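The block underneath contains the structure these notes are about, expressed in C-alpha cells.
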Amino acid sequence: MKAILPIVNDEALPVELRDLLNSPDGTTFEQALDVMVRQREQRLFRALGQLARDLHDAVRRVGGELAHEGVPGTVADARQHLNEALEMSAQAAHRSLDFAERMRPQAESLAQNAGEMLKWSNDSDAAGVLAREAVGFAVNCSEGLADMVMAQSWQDLSGQRIKKVANFIGAVESSLLELVRLTGALARSEAPASVVRVSSQEDADRLLSEFGF
Amino acid sequence: MKILVVDDFSTMRRIVRNLLVELGFSNPLIQEADDGQNAIEMLRKTPVDLVVTDWNMPNMTGIELLRAIRAEPAMKGLPVLMVTAENNRDQIIAAAQAGVNGYIVKPFTAITLQEKIDKIFERIAASGANA
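Line by line, the protein sequences are chains A and B. Number 61 in the numbering used here belongs to position 61 of the first sequence; there are no gaps in the numbering. Number 235 in the numbering used here belongs to position 22 of the second sequence; there are no gaps in the numbering.
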C-alpha cells in the first residue's frame, strides 16, 4: 500500500520549497534545505558586514568631527578641562577660606575690645554708642564669616559631581574605543578579536590615532 | 582632644577644621589625611581621640577605613564620625553595621557637627559608667 503524503499546497511558500516538501526523496530534501539555509546565512552575514562597515564609518566620522571641532578637541581634553575646573574651584574656595581665617580673629578681637570699652563708658556718651555699635558689627562679622566658611562646602559637593562626570567620560571613552576596534575588525571581515583593555591613556590615544581620531 | 580629619578634598578638610575650632577644639591637635590609607597609617603611629571621615576617597574609602579601624585591636574602640554626601539608605546601614559612631550628611552646619560629637562622647561616657 502506498504511503499517503500530505500534499503541501500553501501558496505563500516558494515553489522550490513546496516541491521539496512534496518530494519523497529524503536526501535530496536535506541537501536542498542546507543550500537554502546557507543562502539565507550568507545574506545575513552580508547584511551584518554592511552594518558593521556603516557603523565603522559613523564612528570614524564622529572621531573626525571631535578632532576637528577643537573645543573640546578630544575626549581626553574634555576630561582635562573638567579637572582644571575642579582645580580652579578648589583655589577659589581656598581664597575665601584664607579671607575668613584672616578676618575672624580680627572681628573677635574687635568684639572683645569694644566690649571692654563698654564697661567704662555710658550708653549716653559718644564712645559708648560707638563701642556698642562696634560690638554688634564684630559679632555679625564673625557669624557671617563662619557662614562663609560653611558655604565653601559647595566646592566639595560640586567637585564630587565633576569627578563623577570625568569618570563617566573615561568609561565612554573606553566603550568608544572598543566599538572602534570591533567595527574596524568587522569591516575588514575579520573575526572580532577578544576584548583587549588598554592600560593607559597613552595606549588609548595611540590606538585611537590608528583609527583616525 | 586629638582629632583626625580625613577627606580627599583639601577645602573640606579645612572647613571641618574651621568648624571644630569654632566649637572649641584645639587647632594644633587637629590632624589631616587625604585618604583612608594615609589615615590608617597615621593612626598606627599617633593615636587620636576622634576620627572625622568622608566616604568617597581614592585608595581607601571611608567605610574601608572604618572597617580597618574596627579590625585593629589597638584602635577598635576609636570613635568614628562619618561626614559624607552619600545619603543612600544602604550605605548608611553599611556604615552602621561596620560600627560607625555618627553619620552626618553634607552639607551640614556647625550645630549638627556639635550635636553628633556631643552624642558620641555622651554614649561613650554612659557605656564607660555602666561597665
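Just so it is clear, CB atoms sit at the ideal spot from N, CA and C, and this is done for glycine as well. Note that the structure is a prediction, hence the values are computed from the model and not measured.
The beta carbon of S158(A) lies closer than 7 Å to those of S89 in the same chain, with the five residues before and after it left out. At a cut-off of 7 Å between beta carbons, G159(A) contacts chain B. According to the DSSP secondary-structure assignment, G315(B) is paired through a beta bridge with L294(B). Secondary structure of E285(B) (DSSP, three-state): coil.
The beta-bridge partner set that DSSP reports for Q244(B) consists of L217(B). Against chain B, the CB of V129(A) has no partner CB under 7 Å away; the residue lies outside that interface.
In the three-state reduction of the DSSP assignment, L263(B) falls in the strand class, which pools E and B. Remark: C-beta atoms of V296(B) and A252(B) do not approach each other more closely than 7 Å.
The way I'd put it, the segment 272–281 of chain B does touch the segment 236–250 of chain B; three or more beta-carbon pairs between them come closer than 8 Å. Three or more beta-carbon pairs separated by less than 8 Å are not found between the segment 47–63 of chain A and the segment 150–164 of chain A, which leaves the two stretches without contact. Taking 7 Å as the threshold, the shortest C-beta distance from I228(B) to chain A falls below it. When C-beta distances to chain A are compared with 9 Å, the residues of the segment 313–332 of chain B below that value are K319, P320, F321, T322 and A323, in chain order.
In the displayed model, E328(B) falls within a helix according to three-state DSSP.
The beta carbon of V149(A) falls within 7 Å of a beta carbon belonging to chain B, placing the residue at that interface.
Between the beta-carbon of A134(A) and that of A166(A) there is about 48 Å, and that puts the pair past the 8 Å contact cut.
In the three-state scheme derived from DSSP, where H, G and I count as helix and E and B as strand, F45(A) is classed as helix. For K258(B), the closest C-alpha among the options M288(B), A311(B) and A308(B) is that of M288(B). Under the three-state reduction of DSSP output, Q152(A) falls in the coil class, being neither helix nor strand. Excluding the 5 residues flanking it on each side, L233(B) has same chain C-beta neighbours closer than 7 Å at I216 and I243, in chain order. For V75(A) against I169(A), the beta-carbon gap comes to about 6 Å, under 8 Å, which counts as contact.
One alpha carbon belongs to E178(A), the other to N300(B), and they sit about 34 Å apart.
At a C-beta separation below 8 Å, A298(B) has these neighbours in chain A: D156, L157 and Q160.
Neighbourhood of H94(A) in chain B, by CB distance below 9 Å: S223, T224 and R227, in chain order. Here the C-alpha atom of A78(A) lies approximately 12 Å from the C-alpha atom of V172(A). In the structure shown, the three-state DSSP call for E254(B) is helix.
Rounded to the nearest angstrom, the gap between the Cα atoms of M117(A) and F137(A) is 15 Å.
Listed along the chain, the chain B residues whose CB falls inside 7 Å of the CB of S153(A) are M225, I228, K319 and P320.
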